[in-house]
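**Student:** Here's a structure for you.
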Amino acid sequence: MLLFGSAAVTGAIKWIAIIGGVLLFLYAVIAFALYLLGESVKALQEAKALGRDAFLITLMGLAAIGFLPIVAGYALLLWLQSVPKPFEVVAHSWVGTIWLGIFVVGGSTVAISTLITRRDMIIPALRYALGLLIRSPLAPVFLTMHGWRKARMAGDGVVSSTASAFVGLFFGLMFWLIAFGLIMGALGK
427 MLLFGSAAVT GAIKWIAIIG GVLLFLYAVI AFALYLLGES VKALQEAKAL
477 GRDAFLITLM GLAAIGFLPI VAGYALLLWL QSVPKPFEVV AHSWVGTIWL
527 GIFVVGGSTV AISTLITRRD MIIPALRYAL GLLIRSPLAP VFLTMHGWRK
577 ARMAGDGVVS STASAFVGLF FGLMFWLIAF GLIMGALGK
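Numbering (the numbering used here), first residue to last: 427 to 615.
In structure tokens, the structure reads:
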């Protein structure tokens, strides 16, 4: 015999099940967050052992990924409030500005650290880039000659050398088209 009615007992069991489910969900979320935190700390320690560049890249990546739930949560909140284009609203809010700041500061920090670490490679890279800029207007000519010369030095015949020269000409013309498109796009035409 029941002290209370069957509806009261089943209602109590239902609420116990709901509260237990919510507590189980919270436990799973907290356990997952602690696992991610532990893995992040381990990744930072491993990156620190590899050097400054690896540490900074890992740190900035973790900061960007760590802020992602805030961005997604705010967008979800806006979506639940029926705001049109919630991600656009998030991008123009203070949340989006902070996330952009993390990316800009992180990218700048990694770039400066990489430049400091590899400063002996800056002058050769600039020399190579300047050489490419000087040769680029004549890319179809130079790439055609390069294809022909390389094929002839490898002992290829006239037909194969001509095919290699045409491949060089094709890539040179493609470079011209890409450069022309970039220049026209920059000029707004």
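Beta carbons: idealized from backbone N, C-alpha and C, even for Gly.
Please read these numbers as outputs of a predicted model, since none were measured by experiment.
1) I think proline 495 touches leucine 504, with their Cβ atoms under 8 Å apart; what is that distance to the nearest whole Å?
2) As a quick exercise: from Gly499, Glu465, Tyr500, Leu502, pick the residue whose alpha carbon is nearest that of threonine 484.
3) What does a CB cutoff of less than 8 Å around isoleucine 524 pick up in its chain, not counting 5 residues either side in sequence?
4) If you reduce the DSSP assignment to three classes, tell me which class arginine 544 lands in.
5) Identify, in the order they occur along the chain, each residue of the same chain with its Cβ nearer than 6 Å to the Cβ of phenylalanine 481, setting aside the five sequence neighbours on each side.
6) Specify, as a first and last residue, the run of the alpha helix (DSSP H) that valine 515 falls within.
7) Taking only the alpha-carbon atoms, compute the straight-line gap between arginine 544 and glycine 477 and give it to the nearest angstrom.
8) Below 8 Å on the Cβ atoms is my contact criterion, and I expect serine 562 with alanine 577 to pass it. Report the Cβ-Cβ distance as a whole number of Å.
9) Please report how far the alpha carbon of valine 448 lies from the alpha carbon of leucine 552, in whole angstroms.
10) Out of Gly487, Val455, Val516, point me to the one whose CA is closest to serine 467's CA.
11) Counting pairs of Cβ atoms below 8 Å between the stretch 567-575 and the stretch 530-550, do you hit three or more?
**Tutor:** The structure says:
1) What you label residue 495 is simply residue 69 of the sequence shown in a count that begins at 1. What you label residue 504 is simply residue 78 of the sequence shown in a count that begins at 1. Actually they are not in contact, since the Cβ atoms of proline 495 and leucine 504 sit about 15 Å apart, beyond 8 Å.
2) Working through the sequence shown from its first residue, we reach residue 484 at position 58. Nearest of Gly499, Glu465, Tyr500, Leu502 to threonine 484, Cα basis: Glu465.
3) Locating residue 524 in the sequence shown gives position 98, where the first residue counts as 1. Leaving aside the five residues that flank isoleucine 524 on each side, the residues in its chain whose CB is nearer than 8 Å to its CB run, in chain order, Phe493.
4) Here residue 544 corresponds to residue number 118 of the sequence shown, with the count starting at 1. Note: arginine 544 maps to coil in three-state DSSP.
5) By 1-based counting over the sequence shown, the position of residue 481 is 55. Exclusion of the five residues before and after phenylalanine 481 leaves Ala473, Lys474 as the residues of its chain whose Cβ lies within less than 6 Å of its Cβ.
6) Stepping through the sequence shown from its first residue, residue 515 is reached at position 89. Where valine 515 is concerned, the enclosing alpha helix (DSSP H) stretches over 512-517.
7) If you number the sequence shown from 1, residue 544 lands on position 118. If you number the sequence shown from 1, residue 477 lands on position 51. Answer to the nearest angstrom: the Cα atoms are 13 Å apart.
8) Your numbering for residue 562 matches position 136 in the sequence shown. Your numbering for residue 577 matches position 151 in the sequence shown. Actually they are not in contact, since the Cβ atoms of serine 562 and alanine 577 sit about 23 Å apart, beyond 8 Å.
9) Along the sequence shown, read from residue 1 onward, the residue named residue 448 stands at position 22. Along the sequence shown, read from residue 1 onward, the residue named residue 552 stands at position 126. If you take the alpha carbons of valine 448 and leucine 552, they lie about 60 Å apart.
10) By one-based count along the sequence shown, residue 467 stands at place 41. Note on residue identity: the sequence assigns valine, not serine, to residue 467. Looking from the CA of valine 467, the closest CA among Gly487, Val455, Val516 belongs to Gly487.
11) In this structure the stretch 567-575 does not lie against the stretch 530-550, because fewer than three pairs of beta carbons, one per stretch, are closer than 8 Å.
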